[in-house]
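Residue numbers (the working numbering): 302 to 550.
Set out below in C-alpha cells:
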C-alpha cells in the first residue's frame, strides 16, 4: 500500500504538450502536488515560468473533478467543476481573482440549473435558477450587485410561489405569496426593508384569513381575523404595535 503523499514542488522535467493557460503563450510545466494511496494523481499544478497557471483535481479513478486557470497567482479565465461522468457541474469565469462574466451550473441530467453574470465579483443582470425539468425555479435582476425589481420564485408546476419587489437591494413595494394552485396566500407592502401598509392573508379556498395595517414595521389600526368559512372571529385595535382593544366573536 502506498501512503498518501504530498509531492512538494516535484516538477516533472521538460515541457509538456498540454495546452497553456489563456495568456501564457505556450506549454507549461507540470507538478503532481498530491496523490492517492494507490499512487494515482489527485492534484496537479501547471506552471508558466515560476507562476502557477492551472490546477486540476482528479478522482481516484482518474476522472477530472475540476480545472482552474490562474494569472499572476489569482483565478483567471475559467474554473470548471465536473460530475463523475465527465459532464459539467459548474463553470465560472474570473479576471484576476474576481468573478467576471457568466457563471452557470447544471443538473446531473444535463439540464441547466443556474445562469448568472458577474462584473468585478458582483452579480449583474438577470440571474435564473431552473428545476431539473427545465422550468424556471426563480429569477431576479441585479444592478451593481443589488437586487432590482421583482424577485420571483416558482413551483415546479410553473405557478408563482413568491414575488418580492426590490429597489436598490431593499424590499420595497408589494410582496406576494401564492399557494401551489395559483391562488393568492399573502400580500404585504414594504418600504426600505420595513413593512408599511396593508397585510392580507388568505385561506387556500380564497377567503380572507387576516387583514391588518403596518406603519414602520408595527401594527397600526384595525386587525381582523376570519375562519376558513368566512366568519369573523376577532377584531383588534393597535397603536404603534401595542394592543389597545379587542373583541372575539
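Virtual Cβ for every residue (Gly too), placed ideally from N, Cα, C.
Would you kindly report the start and end of the unbroken beta strand (DSSP E) that includes residue i?
i, result
"residue 567", "Since the displayed the chain opens at 302 and closes at 550, residue 567 lies outside it and no answer follows."
"residue 473", "471-479"
"residue 397", "Per DSSP, residue 397 belongs to no beta strand (DSSP E) and is neither H nor E."
"residue 348", "342-349"
"residue 498", "495-503"
"residue 509", "509-516"
"residue 541", "Premise fails: residue 541 is in no beta strand (DSSP E) and is neither H nor E."
"residue 440", "437-444"
Here's a check: name, in chain order, each residue in its chain whose Cβ is nearer than 8 angstroms to the Cβ of residue i, leaving out the five neighbours to either side.
i, result
"residue 547", "535, 536, 537 and 538"
"residue 521", "514, 515, 539, 540, 541 and 542"
"residue 487", "476, 477, 478, 500, 501, 502 and 503"
"residue 482", "460 and 505"
"residue 441", "427, 428, 448, 450, 451, 452, 453 and 467"
Going by CA-CA distance only, name the one from the options that's closest to residue i.
i, options, result
"residue 449", "522, 369 and 428", "428"
"residue 343", "366, 380 and 351", "366"
"residue 406", "417, 400, 398 and 399", "417"
"residue 403", "381, 468 and 506", "381"
"residue 525", "511, 441, 506 and 482", "511"
"residue 495", "412, 468 and 338", "468"
"residue 397", "420, 373 and 385", "373"
"residue 353", "532, 368 and 361", "368"
"residue 361", "338, 545, 388 and 375", "338"
"residue 480", "445, 460 and 474", "460"
"residue 545", "523, 531, 527 and 533", "523"
"residue 371", "387, 465, 517 and 350", "350"
"residue 387", "400, 364 and 393", "364"
"residue 378", "359, 358 and 399", "399"
"residue 465", "457, 340, 533 and 489", "489"
Please go through the same chain and pick out, in chain order, the residues whose beta-carbon is closer than 7 angstroms to the beta-carbon of residue i, but skip the five residues on each side of it.
i, result
"residue 443", "424, 425, 426, 428 and 449"
"residue 412", "431, 433 and 435"
"residue 384", "390 and 409"
"residue 529", "504, 506 and 508"
"residue 519", "541 and 542"
"residue 493", "471 and 473"
"residue 376", "369, 395 and 398"
So, helix, strand or coil for residue i, using DSSP?
i, result
"residue 305", "Interpretation of residue 305 is limited by its pLDDT of 36, a score under 50 that renders its predicted location unreliable; the figure taken from the coordinates is listed afterwards. It is coil, neither helix nor strand."
"residue 412", "coil"
"residue 361", "coil"
"residue 328", "coil"
"residue 529", "coil"
"residue 427", "strand"
"residue 451", "strand"
"residue 376", "strand"
"residue 484", "coil"
"residue 422", "coil"
"residue 466", "strand"
"residue 522", "strand"
"residue 366", "strand"
"residue 338", "coil"
"residue 433", "coil"
Going by beta carbon distance, what residues of the same chain come within less than 6 angstroms of residue i, once the five residues before and after it are set aside?
i, result
"residue 391", "382 and 406"
"residue 439", "430 and 454"
"residue 463", "454 and 478"
"residue 549", "535"
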